[in-house]
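Q: Per our numbering, residue 3 is the first one in the sequence shown, and the count goes up by one each step. Even glycine gets a Cβ: it sits at the ideal position worked out from N, Cα and C.
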Amino acid sequence: MLRIHFTAADLTRVRVAASPDPLWEVCMSLHRLRTRQARRPYAPWYRAARTRLHEGGLSGAVRSLLLPLVPRTGYFPDFLTPAESAEGLDAGLKGILATSPDRVLDEARRLSRAGGGPSWGARLAEKEVRSRLTRTIRAYHDAVVAPHGDEIQARFEAERAVRARTLLDGGLDGLLRTPGSGAEWKPPVLTVGYPVDRDLYLEGRGLRLIPSYFCRGNPVALADPGLEPVLVYPLGHESPRRPPPGGQGEPLAALIGRTRAAVLSAAASGTGATTGELALAAGVSASSASQHATALRNAGLLVSRRHAMSVLHTPTPLGSTLLAADRPADSSPGRPPAEVG
Numbered sequence: 003m004l005r006i007h008f009t010a011a012d013l014t015r016v017r018v019a020a021s022p023d024p025l026w027e028v029c030m031s032l033h034r035l036r037t038r039q040a041r042r043p044y045a046p047w048y049r050a051a052r053t054r055l056h057e058g059g060l061s062g063a064v065r066s067l068l069l070p071l072v073p074r075t076g077y078f079p080d081f082l083t084p085a086e087s088a089e090g091l092d093a094g095l096k097g098i099l100a101t102s103p104d105r106v107l108d109e110a111r112r113l114s115r116a117g118g119g120p121s122w123g124a125r126l127a128e129k130e131v132r133s134r135l136t137r138t139i140r141a142y143h144d145a146v147v148a149p150h151g152d153e154i155q156a157r158f159e160a161e162r163a164v165r166a167r168t169l170l171d172g173g174l175d176g177l178l179r180t181p182g183s184g185a186e187w188k189p190p191v192l193t194v195g196y197p198v199d200r201d202l203y204l205e206g207r208g209l210r211l212i213p214s215y216f217c218r219g220n221p222v223a224l225a226d227p228g229l230e231p232v233l234v235y236p237l238g239h240e241s242p243r244r245p246p247p248g249g250q251g252e253p254l255a256a257l258i259g260r261t262r263a264a265v266l267s268a269a270a271s272g273t274g275a276t277t278g279e280l281a282l283a284a285g286v287s288a289s290s291a292s293q294h295a296t297a298l299r300n301a302g303l304l305v306s307r308r309h310a311m312s313v314l315h316t317p318t319p320l321g322s323t324l325l326a327a328d329r330p331a332d333s334s335p336g337r338p339p340a341e342v343g
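Have a look at this one:
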């Protein structure tokens, strides 16, 4: 178990990441790539990823350079997920290159002691080897993470909406009970499932919660307690959608009409909308609103997440773009379209 110890100051510095973290997604996706465990929600991604890596000539580099640094279980170096990655892929890769050689060497040795380090791990302290590593990470991200950017962003925005509702309804206590399955908040300690038994003392630095599309099972924290405290935890996943009968055009054609436009617009509030709120906005029954939400979700315009006793709906980046395109130029936007990270 991981026990995270809060002070009064830490409770004022809990925040949820503003956007998906590209380097955490890279590392977590490498776990998904190499294990069959919990693969079903990622089955379409897994097939596409293997194809793209093979066609792009990246399979060998990923197998020889990336996978040895991110073992399926246990420790992997903290320098692979620097705090700068919160600002985007470019900033994160610069953070990897800027890591001191001494720290890189120390973490490479720790990986080796854990039984997962490659024989060449010590050479990561060399700038040229790390440059090659960052080039491979960028190519891997562009090949297998970036093409799913809309889906990742949609899930992330849905999670942010749920967290906002949780904070409004249950306060900070409610928020701290929710990251990852089995989380238990007994002030001032948050306990979550973890492969090893450890304590993390925040000591006034606060905690950044990072929802991750590719994270499954237990949340993940940085190994070095001296770094900025983060807790990476899994986003919820639906089972892969079955294509509707009659071809791909039917769900989108079914969106034409004022009611569904009203439902999609209502879901674009800053914290999403429940089915009841969609019904109220569209002037229909709850069951009818649910049916319209299903059509929008099947067309890739809406994401639905269970929140307590309700279902919370938020637009995908495509749904937000559709709303923005439909909005008159001189009108005030209710919410900007989400950007793909």
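Under a three-way DSSP split, which group does leucine 303 fall into?
A: Coil at leucine 303, not helix or strand.
Q: If I measure Cβ to Cβ from leucine 32 and keep anything under 7 angstroms in the same chain, skipping five residues before and after, which residues do I get?
A: Closer than 7 angstroms at the Cβ level, and outside the excluded window around leucine 32, lie Leu68, Leu69, Val72.
Q: So within the segment 158-210, which uninterrupted beta strand (DSSP E) runs reach at least 3 residues, ignoring any that extend past its ends?
A: Listed in chain order, the complete beta strand (DSSP E) runs (minimum 3 residues) inside the segment 158-210 are 186-188, 191-194, 200-203.
Q: Less than 9 angstroms between CB atoms is the rule here; does histidine 315 satisfy it with respect to chain D?
A: Of the protein chains in this structure there is only one, and it is not chain D.
Q: Quick one: using the 10 Å Cβ neighbour count with 16 as the cut-off for buried, is aspartate 345 buried or exposed?
A: This structure cannot settle anything about residue 345, because the visible part of the chain is limited to 3 through 343.
Q: Just verifying my parser: in three-state terms, what is the DSSP assignment at leucine 229?
A: Here leucine 229 sits in coil by DSSP.
Q: Taking its Cβ as the centre, do 16 or more other Cβ atoms sit within 10 Å of phenylalanine 158, making it buried, or is it exposed?
A: With 16 or more other Cβ atoms within 10 Å, it is buried.
Q: If we count the other Cβ atoms within 10 Å of its Cβ and call it buried at 16 or more, is valine 198 buried or exposed?
A: Exposed: under 16 other Cβ atoms inside 10 Å.
Q: Are aspartate 80 and leucine 204 close, meaning C-beta to C-beta below 9 angstroms?
A: Not a contact, by the Cβ cut-off of 9 angstroms.
Q: Would tryptophan 47 be called buried (16 or more neighbouring beta carbons within 10 Å of its own) or exposed?
A: Per the 10 Å Cβ criterion, buried.
Q: Compare the C-alpha of alanine 263 against each of Gly278, Ala288, Ala297, Pro231 and name the closest.
A: Comparing Cα positions, the closest option is Ala297.
Q: Let's see if you can read the secondary structure: which residues bound the beta strand (DSSP E) around leucine 314?
A: Where leucine 314 is concerned, the enclosing beta strand (DSSP E) stretches over 312-317.
Q: Taking the CB atoms as reference points, tell me whether tyrosine 77 and leucine 113 lie closer together than 9 angstroms.
A: Going by C-beta atoms, tyrosine 77 is nearer than 9 angstroms to leucine 113.
Q: So the alpha helix (DSSP H) arginine 34 belongs to, where does it begin and stop?
A: Its alpha helix (DSSP H) spans residues 24-36.
Q: Less than 7 angstroms between C-beta atoms, sequence neighbours within five positions excluded: which residues of the same chain meet that for leucine 174?
A: Only Leu13, Val16 meet the Cβ criterion.
Q: Take every Cβ of the segment 202-217, pair it with every Cβ of the segment 129-145, and state whether three or more of those distances are shorter than 8 angstroms.
A: Contact fails: fewer than three Cβ-Cβ distances are below 8 angstroms.
Q: Cα separation between leucine 91 and leucine 25?
A: Cα to Cα, leucine 91 sits roughly 7 angstroms from leucine 25.
Q: Starting from histidine 143, trace the beta strand (DSSP E) in both directions and tell me its first and last residue.
A: No beta strand (DSSP E) holds histidine 143; DSSP gives it neither H nor E.
Q: Go ahead and pull the three-state DSSP assignment for serine 271.
A: The answer is coil: DSSP assigns serine 271 none of H, G, I, E or B.
Q: I'd like the span of the alpha helix (DSSP H) that includes arginine 115, first residue to last.
A: Counting along the chain, the alpha helix (DSSP H) containing arginine 115 begins and ends at 103-115.
Q: Just tell me which of Val305, Leu314, Met311 has its CA closest to the CA of serine 322.
A: Nearest option by C-alpha distance: Val305.
Q: For valine 286, which three-state DSSP category applies?
A: In this structure, valine 286 counts as coil in the three-state DSSP scheme.
Q: Check the C-beta distance from arginine 299 over to alanine 160 and give it rounded, since I have them as a contact under 8 angstroms.
A: Arginine 299 to alanine 160, Cβ: 11 angstroms. No contact.
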